[in-house]
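Read through the structure below, which is laid out as structure tokens, and then see the notes.
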Amino acid sequence: MLRSSKLLLLAGLLAFTNTGFAQPAARKGIRTLIIDPGHGGIDPGARGSFTSEAAIALQVSKKFGDTLAKVYPEMKIIYTRTSDIVPGNSPTIDAGLKYRANLANQSGGDLFIAIHLNSAGRKAGGWYERKVVDKIPRTKTYKKGKKTYTKTYYEYVYENVYVENKAKGTETYVWAMNKNDSKINSVTKNNEYSGEIDSTSALAMPDPSDPVEKARMLIYAQNYFRKSLELASEVQEQFKDAGRVDRGVKQRNDKGIWVLQATGMPSILIEIGFISNTEEEQYMASEEGQREIVNNIFAAFKKYKEKLEKKSEEKDKEEGKKGF
Ligand SMILES: [Zn+2]
Numbered sequence: 005m006l007r008s009s010k011l012l013l014l015a016g017l018l019a020f021t022n023t024g025f026a027q028p029a030a031r032k033g034i035r036t037l038i039i040d041p042g043h044g045g046i047d048p049g050a051r052g053s054f055t056s057e058a059a060i061a062l063q064v065s066k067k068f069g070d071t072l073a074k075v076y077p078e079m080k081i082i083y084t085r086t087s088d089i090v091p092g093n094s095p096t097i098d099a100g101l102k103y104r105a106n107l108a109n110q111s112g113g114d115l116f117i118a119i120h121l122n123s124a125g126r127k128a129g130g131w132y133e134r135k136v137v138d139k140i141p142r143t144k145t146y147k148k149g150k151k152t153y154t155k156t157y158y159e160y161v162y163e164n165v166y167v168e169n170k171a172k173g174t175e176t177y178v179w180a181m182n183k184n185d186s187k188i189n190s191v192t193k194n195n196e197y198s199g200e201i202d203s204t205s206a207l208a209m210p211d212p213s214d215p216v217e218k219a220r221m222l223i224y225a226q227n228y229f230r231k232s233l234e235l236a237s238e239v240q241e242q243f244k245d246a247g248r249v250d251r252g253v254k255q256r257n258d259k260g261i262w263v264l265q266a267t268g269m270p271s272i273l274i275e276i277g278f279i280s281n282t283e284e285e286q287y288m289a290s291e292e293g294q295r296e297i298v299n300n301i302f303a304a305f306k307k308y309k310e311k312l313e314k315k316s317e318e319k320d321k322e323e324g325k326k327g328f
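Position in the sequence shown (first residue = 1) + 4 = this note's numbering.
Right, dumping it as structure tokens:
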């Protein structure tokens with residue numbers, strides 16, 4: 005109980021922050037869902053051999069939203085963008101990211117799902133690399149004083165070899181802000197990850213030495229972290245069942261996923277595949293591939309939603325008993 009009164013105090017503090025980070029409310033289920041297609045406009049995201057991350061993320065996001073709208077007509081679905089623009093027609097990528105977060109918070113979203121595509125390697129598809137393809141033993145004789153020596157050495161044969169860009173699979177990110185997580189004090193540290201890099205430069209990471217920021221981080225950790233993790237795990241589970249390579253749920257706290265910590269709700273970022281891998285690019289660009297990806301994310305969402313509703317029903321029963 006002490007904890008919840010502390011939380012209330014923190015939530016009060018938050019009402020005055022400019023991030024619009026909503027106070028955690030006792031809402032049931034998911035009434036409002038924010039779908040965030042990554043990148044857009046001046047920011048195409050990762051480039052494939054024939055398409056871009058921004059384009060495919062938008063197509064998949066819309067299909068996901070359409071599927072949800074049919075099954076849950078009562079649910080409000082809000083997209084951060086529905087065309088090839090920086091969200092809100094913002095002038096910069098950073099402003100676009102802030103727009104995404106503000107829109108989510110001001111709409112009172114219950115869940116935030118960002119759709120992105122991964123990328124790795126030097127070039128989409130593959131690239132040529134100078135490689136040793138053979139080594140031929142040679143001998144060389146030389147004289148030193150009166151003696152003759154023989155020395156063996158290798159002559160290396162180089163060739164330009166085509167290296168296929170093979171990185172593939174799906175992964176889902178959550179903001180790493182578990183209250184028991186030691187990282188809570190080191191959120192400004194960048195990790196070694198090289199995949200999803202939002203081209204942001206100026207956006208500040210939450211500063212744990214600022215009490216308001218710290219309060220916001222704690223609220224995220226206590227209210228949203230576990231739920232985010234639960235949904236992210238389910239998404240990966242569904243991809244795995246569909247035969248995709250499962251790269252797992254990853255926790256990060258760097259700029260690449262800045263938007264996740266800026267939303268006052270459970271939030272995940274799904275990397276639906278590698279655009280740099282030709283096979284996956286073709287899959288993600290195809291009708292069939294997109295349908296399968298959408299079905300996977302939808303199945304995970306459905307499970308998560310039902311679990312959440314069941315929990316809140318149980319809680320209602322508990323409280324009902326007490327009240328009686
Ligand atoms: Zn991206």
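The beta carbon of each residue, even a glycine, is placed where N, CA and C say it ideally should be.
Owing to the predicted nature of the structure, the values given are computational and were not obtained by experimental measurement.
Of the choices the options, whose alpha-carbon is the least far from that of residue i?
i	options	result
residue 232	178, 226, 55 and 137	178
residue 158	143, 151, 171 and 147	143
residue 122	218, 43 and 92	43
residue 228	135, 269 and 220	269
residue 53	212, 285 and 306	285
residue 39	32, 73, 50 and 33	73
residue 297	312, 275, 170 and 313	275
residue 279	47, 136 and 125	125
residue 248	263, 222 and 283	283
residue 137	147, 165, 281 and 131	165
residue 57	83, 172, 301 and 289	289
residue 80	108, 311, 51 and 259	108
residue 89	69, 106, 78 and 59	59
residue 45	149, 241, 316 and 84	84
residue 139	127, 161 and 154	161
residue 135	127, 145 and 167	167
residue 238	96, 215 and 310	310
residue 302	242, 131 and 163	242
According to DSSP, is residue i helix, strand or coil?
i	result
residue 78	coil
residue 194	Note that residue 194 has pLDDT 39, beneath the 50 cutoff, so the model's placement of it is unreliable and the number below is only indicative. Three-state DSSP puts residue 194 in coil, outside helix and strand.
residue 54	coil
residue 64	helix
residue 322	helix
residue 207	coil
residue 178	strand
residue 267	coil
residue 88	coil
residue 186	A caution first: residue 186 carries a pLDDT of 46, below 50, which makes its placement in the model unreliable, though a value can still be read off. Three-state DSSP puts residue 186 in a helix.
residue 277	strand
residue 272	strand
residue 308	helix
residue 49	coil
residue 293	helix
residue 69	helix
residue 44	strand
Just reading off the beta strand (DSSP E) that residue i is part of, what are its end residues?
i	result
residue 255	250 to 256
residue 38	36 to 41
In the DSSP assignment, find the alpha helix (DSSP H) that holds residue i and state where it starts and stops.
i	result
residue 4	Examination of residue 4 is not possible in this model, given that the chain is present from 5 through 328 alone.
residue 245	229 to 245
residue 215	215 to 223
Any C-beta of chain B sitting closer than 9 Å to the C-beta of residue i?
i	result
residue 281	In the structure shown, chain B does not exist; there is a single protein chain.
Within the present structure, is the beta-carbon of residue i separated from the nearest heavy atom of ligand 2 by less than 8 Å?
i	result
residue 61	As for ligand 2, it is missing from this structure, which binds only ligand 1.
*Go through the region 94 to 167 residue by residue and report every complete run of the alpha helix (DSSP H) that reaches 4 residues or more, in order.*
97 to 110
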